[in-house]
Structures are given as structure tokens and as C-alpha cells.
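Visitor: This is the structure I have questions about; it appears just below.
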Amino acid sequence: MHILSNFYNSTRSEYYRKLNEISKNEVDLTHFINYALQDFKDGCKKFSIS
């Protein structure tokens, strides 16, 4: 999905920080999922038709 890959490329340090958090706490993916969903939401806004 290009929306997410573009976001991850533009926020690369945050992306790696979130992945690092996951590796330290394998049970709780909440922060990474929230990060990804926020990007998806923002990316969809760019393509919405008013």
C-alpha cells in the first residue's frame, strides 16, 4: 500500500522506534497499530474528494 510506505519513508525514525518498542514488548502492539492507523487516516484524507 503506497499510502503507508510513503508515510513510513517520511517518518522513518518514528517507524523504527515503534518497531523497536514491539521487539521489547511482543505482547502489546497497540502503539504501532495506532501509529499505522493514524497514517492510514491521514493518507486517505489526501485522496478524499470534497
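In the working numbering, the protein residues as written are 40 to 89.
Virtual Cβ for every residue (Gly too), placed ideally from N, Cα, C.
With distances taken Cα to Cα, identify the nearest neighbour of E53 among D67, F71, S62 and K63.
Guide: Comparing Cα positions, the closest option is F71.
Visitor: According to DSSP, simplified to helix, strand and coil, what is T50?
Guide: Reduced to three states, the DSSP call for T50 is coil.
Visitor: Taking its Cβ as the centre, do 16 or more other Cβ atoms sit within 10 Å of D81, making it buried, or is it exposed?
Guide: Classification of D81: exposed, given that the 10 Å Cβ count is below 16.
Visitor: Between T69 and N59, what straight-line distance do the alpha-carbon atoms span, to the nearest angstrom?
Guide: The straight-line gap from Cα to Cα measures roughly 13 Å.
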